[in-house]
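Residue numbers (this note's numbering), protein chains in the order written: chain A, 1 to 374; chain B, 375 to 748.
Working notes for the structure below.
If you want it as structure tokens, here you go:
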């Protein structure tokens, strides 16, 4: 079975790519103005102190997402090329410290694939994360809980109370808590100050922040690794195997895009995703037997349920024939792929017309063989 | 003991940073023109096919370095965020295939540190690489030979005959041959078509190419992984854990900088490094007891020998007091650090005046306590 990224790579140059969760919508006017300023960004980045550039970019980005107490000033936020490289670094740190991981299930498969190279990984349900029921994980030997919040593909997330409960439970059991918050920008409900909650709980933590899902700027992006004080040295050291610094230019870019985000950019982005989600809902209304799996989700992807594994495969193949690429959901359920069968994931960070075209073709495919007739 | 990158990080915002081997010289006029075109590069990268962009960038870069038969058209060259991330991917592939590695000694310590997380690693001398004497490595159980050529910090390199010999020996013993050629751009003697030699030998190979040491463009860079046909699938699959694609914008940038390099850019770069090496040579002439360790090297770093470990530490501390940062050489000798004691590494991809200032301060430090008086 191909992994999700391999499937996404096949969709790269296709006419209607609804496969990957990367932002591919048009730039807004104010984002375009930032692109026009690229030479100026480059020149200012060349002359400024790197530490100052890094601190400014981290501060503006994290503040734009409500993370006012992220430990930037304490030099506990590290910049990385991408969130996946950050995850590789976390995997190495977990291995060095002898951890075993309880990883949220389902989630994007590369989290599992990267971590399992280093440490033992077991599934942990969203429900158990939400209720902070770690009894099973602890009994099975887990020493680390790893949660994607908001989650991909479900849109499920930990609200303030749930995070506080989970952090307290981790602290109680002496577990390390890792959060991947790459999709937080899409959901204001997840934008309470995570760091305030984590520090108050006194838990050991690693948070993977990501600029890469938000802005369609040609994959010019960063991951940030924010950690509790006890992990500062270990993460710093392991990261130094991988990089000297990220790009000063990209730091400046992230800073300006974060400022633009606060100045209406995030509102426009969330508006686009919400409108696209409504477009999917409306399209599915007229199609018997397909439904939107997570109507309450706000992330830039959505799942649709088509009934059975066979139907999902038929629809996906029919869409490929019509130049539309979406993802199957089996691989998100990395421990039990069967649980994702019968579902497909559609990307929503796309221009409205492209998505509408994809949905028209989905309707064609769906109606080509009415449910139950096969 | 801190690793080399940690030492380099301390030097980042200091007045005279001669520590890291990243390019920090001023942009040439024609490179600056490319920076002014950033908005245009961005826009063309947005509309072009990703595969075409990637193929063009890889082709122009590899051709600029004499690698005419690199397997771009055969889809055996993969783009990565950086050469270190490429090395992490290679480490995972080596682990999956059950390899044990004979790694050139000395070399930059992060190669060892990344690989040893995954596989067993033993030292292999430059002399044994040059004569293709793999008897010791094979007897010790190595199944893979990993060579940095040109090497960092020594400047030693495999010429065509030596690479042919080594590739033949690896093929004969059934060993995988990995080359890190990040510094090839500085030495025309290493710019014969490596791929022609490797394919002719019929050896399994991985070559790590790197755009990151050449052009001072704010760490906007790529690594490329070029592999023999038998490794194509394994590398493709492992890489898909880490990234969907690199930045189309950075691909365009690399393509334009490669075209500029052919059009005189590489000649200017090599001219700068040669002039800076002469500057070091001249400065050392007047200092009794210090010498240039590798007078024949052409890479963008050079080693100076100061006699003893104690002298090296005294000089490095004295330089730090005068705001000059260089690297000790102990860590390059990752298996036997003592062999690098008494040597320091200076970066040469710097503006002439900065280096000259650093060398003046080196003379002050050196003369402060004449050799033998301590």
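Think of the CB as a built atom: it goes at the ideal place given N, C-alpha and C, for glycine as much as any other residue.
Only a predicted model underlies this, so the values are computations on that prediction, with no experimental measurement involved.
Determine the direct distance from the alpha carbon of residue j to that of residue i, and round the result to whole angstroms.
i	j	result
residue 353/A	residue 161/A	39 Å
residue 166/A	residue 126/A	11 Å
residue 121/A	residue 304/A	28 Å
residue 695/B	residue 476/B	39 Å
residue 445/B	residue 431/B	13 Å
residue 139/A	residue 6/A	35 Å
residue 135/A	residue 189/A	27 Å
residue 729/B	residue 693/B	13 Å
residue 577/B	residue 2/A	28 Å
residue 598/B	residue 287/A	46 Å
residue 208/A	residue 145/A	13 Å
residue 609/B	residue 655/B	43 Å
residue 141/A	residue 307/A	36 Å
residue 124/A	residue 105/A	6 Å
residue 733/B	residue 386/B	18 Å
residue 332/B	residue 533/B	In the structure as shown, chain B starts at 375 and stops at 748, and residue 332/B therefore has no counterpart that could be examined.
residue 503/B	residue 521/B	8 Å
Using three-state DSSP, classify residue i as helix, strand or coil.
i	result
residue 31/A	helix
residue 529/B	coil
residue 7/A	helix
residue 680/B	coil
residue 456/B	coil
residue 99/A	coil
residue 430/B	helix
residue 418/B	helix
residue 228/A	coil
residue 16/A	strand
residue 373/A	Because the pLDDT at residue 373/A is just 49, under 50, the model does not fix this residue reliably, and the value given afterwards should be weighed accordingly. Note: residue 373/A maps to coil in three-state DSSP.
residue 209/A	strand
residue 61/A	helix
residue 128/A	helix
residue 610/B	helix
residue 123/A	strand
residue 179/A	strand
residue 463/B	helix
residue 546/B	helix
residue 292/A	strand
residue 522/B	strand
Under a CB-based cut-off of 8 Å, is residue i close to chain B?
i	result
residue 246/A	yes
residue 304/A	no
residue 114/A	yes
residue 326/A	no
residue 373/A	Reliability of the predicted coordinates at residue 373/A is poor, the pLDDT of 49 falling under 50, and the value obtained from them is presented with this limitation in mind. Closer than 8 Å: no.
residue 361/A	no
residue 215/A	no
residue 117/A	yes
For residue i, which option in the options has the closest C-alpha, if you only look at C-alpha atoms?
i	options	result
residue 181/A	67/A, 315/A, 140/A, 46/A	67/A
residue 560/B	649/B, 643/B, 506/B	643/B
residue 314/A	107/A, 369/A, 299/A	369/A
residue 419/A	48/A, 206/A, 137/A, 212/A	Residue numbering for chain A in the displayed model covers 1 to 374; residue 419/A lies beyond these limits and cannot be assessed.
residue 34/A	261/A, 54/A, 204/A	261/A
residue 172/A	241/A, 184/A, 339/A, 200/A	200/A
residue 401/B	10/A, 223/A, 235/A, 39/A	39/A
residue 213/A	69/A, 357/A, 312/A, 82/A	82/A
residue 648/B	538/B, 675/B, 629/B	675/B
residue 641/B	438/B, 585/B, 521/B	438/B
residue 94/A	338/A, 110/A, 107/A, 116/A	116/A
residue 398/A	53/A, 85/A, 152/A	Residue 398/A lies beyond the range of chain A shown here (1 to 374); nothing can be said about it.
residue 485/B	242/A, 311/A, 295/A	242/A
At the 8 Å Cβ level, is residue i part of the contact set with chain A, yes or no?
i	result
residue 646/B	no
residue 742/B	no
residue 396/B	yes
residue 526/B	no
residue 664/B	no
residue 459/B	yes
residue 409/B	yes
residue 425/B	yes
residue 721/B	no
residue 499/B	no
residue 419/B	yes
Inset, instruction - Report the residue ranges of all alpha helix (DSSP H) runs contained in full by the region 239-286 of chain A; include only those spanning at least 4 residues, in chain order. - result: 248-260, 266-285
Inset, instruction - Write down every uninterrupted run of the alpha helix (DSSP H) in the region 682-732 of chain B whose length is 4 residues or greater and which is fully enclosed by it, in chain order. - result: 683-695
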